[in-house]
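First to last, the sequence lines map onto chains H and L. Under my numbering, the first sequence has 139 at position 114, and the numbering climbs by one with no breaks. Under my numbering, the second sequence has 384 at position 306, and the numbering climbs by one with no breaks. Ideal placement from N, C-alpha and C gives every residue a C-beta, glycine not left out.
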Amino acid sequence: MFYSIKEFIDFLPMILVASGILLSITIELLSKRSVNILGWFSVILFFVVGIISLSNTGSQSIILQNMAATGGYVNLFYALFNFTGMLVCLLSIDYLNKYEASFGEYYILVQTSVLGMMLMAAAKDLFVIFLGLELMSISFYVLAGINRKRHNAIESALKYFLLGAFATGFIVYGIALIYGTAQSTSIDIIASKFINLSSNILFITGILLFLIGFSFKIAAFPFHMWVPDVYQGAPSTISALFSTAGKTAAFAAIIVSLFALFSSGASKIITPYLSVISILSMFFGSIVAISQTNIKRMLAYSSISNAGYLLIGLASANTEGVAGVIFYLTAYSLMNIGTFGIVSIIESKEEKNLEINDYMGLSNKYPLLAALLSLLMFSLAGIPPFAGFFGKYYIFMSAIKSDLTLLAILGVISSVISVYFYLRIVVFMYFKESQIQLEIKKSFSGMLALFLSVLLIIVLGIFPGGFLNIINSTL
Amino acid sequence: MENNYLLTYLIFLPLIGSLFIFFIKNDKISLVKYYGLFISLITFILSLIIYLSFDSNSSDFQFIHKFKWIEGLNVYYFVGVDGISLLLILLTTFITPITLISSWSSIEHKVKEFTFFMLVLETGMIGVFASLDLFLFYIFWEAMLIPMYFIIGIWGGYDKIYAAIKFFLYTMLGSLLMLVAIIWLAVYSIDILGEFTTDFTQLLSIAPTIKRDLQIWMFLAFGLSFAIKVPLFPFHTWLPDAHVQAPTAGSVILAGVLLKMGTYGLLRFNLPLFPDATIILAPYISVLAVIGIIYGALVAMVQTDMKKLVAYSSVSHLGFVVLGIFAINTESVQGAVIQMINHGLSTGALFLLVGVIYERTHTREIADYGGIAKLVPFFSFSLLFASLSSIGLPGLNGFVGEFLILLGSFKSGVLNSWWFTIFAATGVIFAAVYLLWMYQRVIFGELKNSKLEKLYDMNSREILVMIPIFVFIVWIGIYPSTFLNLSEKASKKIIYQVFNPTTTFTNKLK
Numbered sequence: 026m027f028y029s030i031k032e033f034i035d036f037l038p039m040i041l042v043a044s045g046i047l048l049s050i051t052i053e054l055l056s057k058r059s060v061n062i063l064g065w066f067s068v069i070l071f072f073v074v075g076i077i078s079l080s081n082t083g084s085q086s087i088i089l090q091n092m093a094a095t096g097g098y099v100n101l102f103y104a105l106f107n108f109t110g111m112l113v114c115l116l117s118i119d120y121l122n123k124y125e126a127s128f129g130e131y132y133i134l135v136q137t138s139v140l141g142m143m144l145m146a147a148a149k150d151l152f153v154i155f156l157g158l159e160l161m162s163i164s165f166y167v168l169a170g171i172n173r174k175r176h177n178a179i180e181s182a183l184k185y186f187l188l189g190a191f192a193t194g195f196i197v198y199g200i201a202l203i204y205g206t207a208q209s210t211s212i213d214i215i216a217s218k219f220i221n222l223s224s225n226i227l228f229i230t231g232i233l234l235f236l237i238g239f240s241f242k243i244a245a246f247p248f249h250m251w252v253p254d255v256y257q258g259a260p261s262t263i264s265a266l267f268s269t270a271g272k273t274a275a276f277a278a279i280i281v282s283l284f285a286l287f288s289s290g291a292s293k294i295i296t297p298y299l300s301v302i303s304i305l306s307m308f309f310g311s312i313v314a315i316s317q318t319n320i321k322r323m324l325a326y327s328s329i330s331n332a333g334y335l336l337i338g339l340a341s342a343n344t345e346g347v348a349g350v351i352f353y354l355t356a357y358s359l360m361n362i363g364t365f366g367i368v369s370i371i372e373s374k375e376e377k378n379l380e381i382n383d384y385m386g387l388s389n390k391y392p393l394l395a396a397l398l399s400l401l402m403f404s405l406a407g408i409p410p411f412a413g414f415f416g417k418y419y420i421f422m423s424a425i426k427s428d429l430t431l432l433a434i435l436g437v438i439s440s441v442i443s444v445y446f447y448l449r450i451v452v453f454m455y456f457k458e459s460q461i462q463l464e465i466k467k468s469f470s471g472m473l474a475l476f477l478s479v480l481l482i483i484v485l486g487i488f489p490g491g492f493l494n495i496i497n498s499t500l
Numbered sequence: 079m080e081n082n083y084l085l086t087y088l089i090f091l092p093l094i095g096s097l098f099i100f101f102i103k104n105d106k107i108s109l110v111k112y113y114g115l116f117i118s119l120i121t122f123i124l125s126l127i128i129y130l131s132f133d134s135n136s137s138d139f140q141f142i143h144k145f146k147w148i149e150g151l152n153v154y155y156f157v158g159v160d161g162i163s164l165l166l167i168l169l170t171t172f173i174t175p176i177t178l179i180s181s182w183s184s185i186e187h188k189v190k191e192f193t194f195f196m197l198v199l200e201t202g203m204i205g206v207f208a209s210l211d212l213f214l215f216y217i218f219w220e221a222m223l224i225p226m227y228f229i230i231g232i233w234g235g236y237d238k239i240y241a242a243i244k245f246f247l248y249t250m251l252g253s254l255l256m257l258v259a260i261i262w263l264a265v266y267s268i269d270i271l272g273e274f275t276t277d278f279t280q281l282l283s284i285a286p287t288i289k290r291d292l293q294i295w296m297f298l299a300f301g302l303s304f305a306i307k308v309p310l311f312p313f314h315t316w317l318p319d320a321h322v323q324a325p326t327a328g329s330v331i332l333a334g335v336l337l338k339m340g341t342y343g344l345l346r347f348n349l350p351l352f353p354d355a356t357i358i359l360a361p362y363i364s365v366l367a368v369i370g371i372i373y374g375a376l377v378a379m380v381q382t383d384m385k386k387l388v389a390y391s392s393v394s395h396l397g398f399v400v401l402g403i404f405a406i407n408t409e410s411v412q413g414a415v416i417q418m419i420n421h422g423l424s425t426g427a428l429f430l431l432v433g434v435i436y437e438r439t440h441t442r443e444i445a446d447y448g449g450i451a452k453l454v455p456f457f458s459f460s461l462l463f464a465s466l467s468s469i470g471l472p473g474l475n476g477f478v479g480e481f482l483i484l485l486g487s488f489k490s491g492v493l494n495s496w497w498f499t500i501f502a503a504t505g506v507i508f509a510a511v512y513l514l515w516m517y518q519r520v521i522f523g524e525l526k527n528s529k530l531e532k533l534y535d536m537n538s539r540e541i542l543v544m545i546p547i548f549v550f551i552v553w554i555g556i557y558p559s560t561f562l563n564l565s566e567k568a569s570k571k572i573i574y575q576v577f578n579p580t581t582t583f584t585n586k587l588k
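(1) Between M422 (chain H) and chain L, is the shortest Cβ-Cβ distance under 8 Å, so that the two count as touching?
(2) Counting only beta-carbon separations shorter than 8 Å, does L236 (chain H) have a partner in chain C?
(3) To the nearest whole angstrom, what separates the beta carbons of F278 (chain L) and L212 (chain L), a pair I think is in contact under 8 Å?
(4) With a threshold of 16 other CB atoms inside 10 Å of the CB of L91 (chain L), please say whether the residue is buried or exposed.
(5) Taking 8 Å as the threshold (beta carbon to beta carbon), is Y353 (chain H) in contact with chain L?
(6) T95 (chain H) lies in the alpha helix (DSSP H); which residues open and close that run?
(7) What are the boundary residues of the alpha helix (DSSP H) that G334 (chain L) is part of?
(8) In or out: V393 (chain L) buried (at least 16 other Cβ within 10 Å) or exposed?
(9) Decide yes or no for the touch test of the segment 301-315 of chain H against the segment 433-449 of chain H: beta carbon pairs closer than 8 Å, at least 3 of them.
(10) Among L:L210, L:F246 and L:V330, which one has its Cα closest to the Cα of T171 (chain L)?
(11) If the cut is a Cβ gap below 8 Å, which residues of chain L does T430 (chain H) touch?
(12) Take F228 (chain L) and list the residues in its own chain whose beta-carbon comes closer than 6 Å to its own, dropping the five residues that flank it on each side.
(13) Using only CA atoms, which one of H:L394, H:F71 and H:F403 lies nearest to T137 (chain H)?
(14) So I408 (chain H) packs on E200 (chain L), CB below 8 Å; how close in whole Å?
(15) What residues are listed by DSSP as bridge partners for H440 (chain L)?
(16) Identify the continuous alpha helix (DSSP H) that holds K321 (chain H) and give its terminal residues.
(17) Can you have a look at F276 (chain H) and say buried or exposed, based on whether 16 or more other CB atoms are within 10 angstroms of its CB?
(18) With DSSP as the reference, identify every bridge partner of I406 (chain L), one or two as the case may be.
(19) With 8 Å set as the bound, which would you pick, yes or no: does the beta-carbon of S481 (chain H) sit closer than that to a beta-carbon of chain L?
(20) Residues in the same chain with beta-carbon distance under 8 Å from L160 (chain H), minus the five sequence neighbours each way, listed in chain order, please.
(21) Return no unless some Cβ of chain L is closer than 8 Å to the Cβ of G490 (chain H).
(22) Does the beta-carbon distance from F36 (chain H) to I87 (chain H) come in below 8 Å?
(23) Three Cβ pairs or more, each shorter than 8 Å: is that satisfied between the segment 269-286 of chain L and the segment 337-345 of chain L?
(24) Look at A356 (chain H) and G110 (chain H) and say whether their C-beta atoms are less than 8 Å apart.
(25) Note down the Cα distance separating G374 (chain L) from A405 (chain L), rounded to an integer number of angstroms.
(26) Check F583 (chain L) in the structure and name its three-state DSSP category.
(27) Output, in sequence order along the chain, the residues in the segment 128-152 of chain L whose CB is closer than 9 Å to any CB in chain H.
(28) In chain order, what residues of the same chain lie with their CB nearer than 8 Å to the CB of T408 (chain L), ignoring the 5 residues before and after it?
(29) Thinking C-alpha only, which one of L:K111, L:A510, L:F218 and L:I369 is nearest S253 (chain L)?
(30) At which residues does the beta strand (DSSP E) containing S439 (chain H) begin and terminate?
(31) For the segment 264-286 of chain L, which residues have a beta carbon sitting closer than 7 Å to at least one beta carbon of chain H?
(32) On the DSSP letters alone, give me the boundaries of the alpha helix (DSSP H) that P73 (chain H) sits inside.
(33) May I ask which residues mark the beginning and end of the beta strand (DSSP E) holding S459 (chain H)?
(34) At the level of alpha carbons, what is the spacing between A431 (chain L) and Q575 (chain L)?
(35) For A412 (chain H) and chain L, any beta-carbon pair shorter than 8 Å?
(36) Kindly indicate which three-state DSSP category S211 (chain H) falls into: helix, strand or coil?
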């Protein structure tokens, strides 16, 4: 299977996660009260794999007989998935205890989903993308409904499963058409044949179907219907995973499959499609989010609108765009982990305290949580000097470089709209007095995850140069 | 060029200082107040040191500190001051301790947070005036919204939430379009300079080469953001809300410094970067400015709330500043610069005085007052003094600025019409009407409101706050050269840049 030690080392992150999964299953089988052990085990596993991936972002190499690639930006995505997974597991430990839920499979499923994401990012072949996608999605369907005693959870899981399966259908159909016309599923071969095939209507249909399928996964309008219900019904920590790593993985898949095509003039075909759904997502997400009263639903619409900003980067179809998307995905993952983290800490048993009204006067009793959440909201709203601003700046820059100034202007206008609902949370926390007193259980691991993400948001916002250099060196 | 760290210290001193506030125990409120005041006074002294070693015979940027900040984007941390920005920085560092003293007793809850936000705000304001890289400028410009938003929202009046959000959204809309324009300029520089840059001094040489109709778009994108901040008619509607709802300290900072950021932006960026567009659009903007002067004054006249009256008078006064900037000659621009300072002093003083009396009576309705001259002689005198300064009585500061602006606009070649001056001059008369009329209704007459009988005069702290402001009001009125000399070279340079846009670079290309 491996031709050299080097190939093995390149492949190490995935091997480690896969072995971690096997080990976790064993721990779960042997020990009855294994939940917390598994939680901390996952945290360490993700942390180690994340560090290993990050240390190997040098040149890209092709492994497994042209099926996958590692190194370069692939490893950057590995690191992103693993660190996101780590933060989510940190948040989950006390969250699960709060619900007295002892599902060991929770962490195992998080691990399998991360493995699926890594496969997607590494893919050099459409089938590998599909394999990774399914591994991730099926883990997600189960995770969405893991608290099976609740109706919301079941609704969430079923909705996610049905619509997700539908989207997968599009992707498979698209792959079939691409294979039918290009006689290959290898991304490199398809890219090399692209110029000849670009007038073939079946081939173009295939690419568009493929993109539509992924538009579901990244939660872009008009393929967003599942998002609010799933985010609301799933456990808060799992919503955090969906909206960060899940979205990142789908973008990674689009990037690995399209990046090779940018140079061969594919932008003429994909840019109009991406621009249109980008504009629709931004405005739909921002406008509908204004009227939400449940904080998780609001974050779901914010996720739709953020998919729009990220699509601007892809629509620009240049290296800056991809770099901007990776930067913004990192920033967005940190911001959403932080936000959902605070939501999961404030949330009490029986799913209480999830309305925006419940946040009234939070700053009086819990000044630290309120300050952290405000910072996250300002960052999400794209106000400097936080990471969210810089991500948007870079994406708008890539759009202007590709002569898509109008897209940048629309993005900016949508940002202004989104400021309203992000700041509404701040208004509730700081400018209004509470009627009821929240009782919040202290959570050490949760606060650790929060501090890590907020710290990174500030560092990436003020000194984005270092990370940007890493991204640019891998592209 | 050798780096000079002094300006950087000045910018970040309040921010760094503000962080230590959270180490002070919650119950030691007066320690927090003294600490905040201490930091802001040190900042003021530091700015005086910069002023004393500033060479006013040079039109170049001084105290430059420059290093590469974001490698991949070619963004520099680049700060420096010329006469105009130095004046405004001095105004900022002067006003901040005054507002902190003035809110000594009026801010009672969350004192720590209040002091923290005021100091963060000071960093933002100084940063805006000192930045010479557009990216850096934008960061300060936007980041400054956050503390102001909290100051209005937490310590504001009954309708504070509405005012805070309106303030935030209005400013944000304008500035984000400016962001697109900044990026566009930087991308444009790739074609000519071969590198993506937001360095203001480099953009100065390439931005004027942009084609005229594109220049107009760029001018409008920058201009909208500044016009909202000024606020230029018809973008002024956020101002009365923000002013009325904000606590006294917020209003003083808002009127004293924040509004100047708009006029400063127009002068610093719009004029030299887009000279063709400036000359084309100057008459239209001046029309808006004159409408603002008259409209602001007329609306101020019918206000029943003192704070609202002062807020609308700001719209009127800043109309003068904008008119001065777009008349584009030495007198008018110098007048505009000095008028920015004047407005900061006199309107700041008016807001402080309204705050003083509001703290005692909890009403700002003019009709609730009357006949208090004998009860509060110090207050009556101070209010008269501040009003006269705002009206532009010769011998006080307002006169100098308005006179220079009217003189400049009269002989302006760009505007080329007397009507601007004639209409603008009515604003001076209106100012006398609304301010003196308010004064008469509040101070003179018979004491009707029985609640006012217990009214007591300004205490020593409040008098202490007014004295430095009055000193400068008289100083500028009698001997304005101290201040005019400081900004003269910088103003002349900007005017030169408008009429002689740098063409050396494009010549080289050919």
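Quick look at the numbers:
(1) Proximity of M422 (chain H) to chain L, defined by a Cβ-Cβ separation below 8 Å, is satisfied.
(2) In the structure shown, chain C cannot be found, because the protein chains are H and L.
(3) With a Cβ gap of about 6 Å, F278 (chain L) and L212 (chain L) count as contacting.
(4) Buried, since its Cβ has 16 or more Cβ neighbours within 10 Å.
(5) The Cβ of Y353 (chain H) sits no closer than 8 Å to any Cβ of chain L.
(6) From DSSP, T95 (chain H) is part of no alpha helix (DSSP H) but of the beta strand (DSSP E) over A93 to T95.
(7) Boundaries for G334 (chain L): no alpha helix (DSSP H) harbours it, and the DSSP string shows neither H nor E there.
(8) Classification for V393 (chain L): buried.
(9) Contact annotation: the segment 301-315 of chain H touches the segment 433-449 of chain H, with at least three C-beta pairs closer than 8 Å.
(10) Checked all of L:L210, L:F246 and L:V330; the closest Cα to T171 (chain L) is L:V330.
(11) Proximity of chain L to T430 (chain H) at the Cβ level (cut-off 8 Å) is accounted for by V258 and W262, in chain order.
(12) The beta carbon of F228 (chain L) sits closer than 6 Å to the beta carbons of F195 from its chain, once the five residues preceding and following it are set aside; these are given in chain order.
(13) Of the candidates H:L394, H:F71 and H:F403, the one whose C-alpha sits nearest the C-alpha of T137 (chain H) is H:F71.
(14) No, I408 (chain H) and E200 (chain L) are not in contact; Cβ-Cβ is about 18 Å, not under 8 Å.
(15) Bridge partners of H440 (chain L): none, in fact.
(16) It spans I320 to S341 - the alpha helix (DSSP H) in which K321 (chain H) sits, taken as one unbroken run.
(17) Counting Cβ neighbours within 10 Å, F276 (chain H) comes out buried, since at least 16 surround it.
(18) Bridge partners of I406 (chain L): none, in fact.
(19) Per the sequence shown, the amino acid found at residue 481 (chain H) is Leu instead of Ser. For L481 (chain H), the answer is no, since every Cβ of chain L falls outside 8 Å of its Cβ.
(20) Contacts found: T137, S138, L140, G141 and L144.
(21) By the rule that beta-carbons nearer than 8 Å mark a contact, G490 (chain H) touches chain L.
(22) Not in contact: F36 (chain H) and I87 (chain H) (Cβ atoms no closer than 8 Å).
(23) No, the segment 269-286 of chain L is not in contact with the segment 337-345 of chain L.
(24) No, they are not a contact pair.
(25) The straight-line gap from Cα to Cα measures roughly 20 Å.
(26) Because F583 (chain L) carries a pLDDT of 37, less than 50, the predicted location of this residue cannot be relied on, and no value is offered for it.
(27) Cβ contacts with chain H come from K146, W147, I148, E149, G150 and L151.
(28) Answer for T408 (chain L): G486, E566, S569, K570 and I573, listed in chain order.
(29) Taking the Cα of S253 (chain L) as reference, the smallest distance to any Cα among L:K111, L:A510, L:F218 and L:I369 is reached at L:F218.
(30) No beta strand (DSSP E) contains S439 (chain H), which is instead part of the alpha helix (DSSP H) from T430 to V451.
(31) Listed in sequence order: V265.
(32) The residue asked about is misnamed: residue 73 (chain H) is Val in this sequence, not Pro. V60 to L79 is the span of the alpha helix (DSSP H), which, as asked, contains V73 (chain H).
(33) Careful: S459 (chain H) lies outside any beta strand (DSSP E) and carries neither H nor E.
(34) The question names Ala, but residue 431 (chain L) in the sequence shown is Leu. Cα-Cα distance, rounded: 41 Å.
(35) Taking Cβ atoms only, chain L never reaches closer than 8 Å to A412 (chain H), which makes this a no.
(36) Here S211 (chain H) sits in strand by DSSP.
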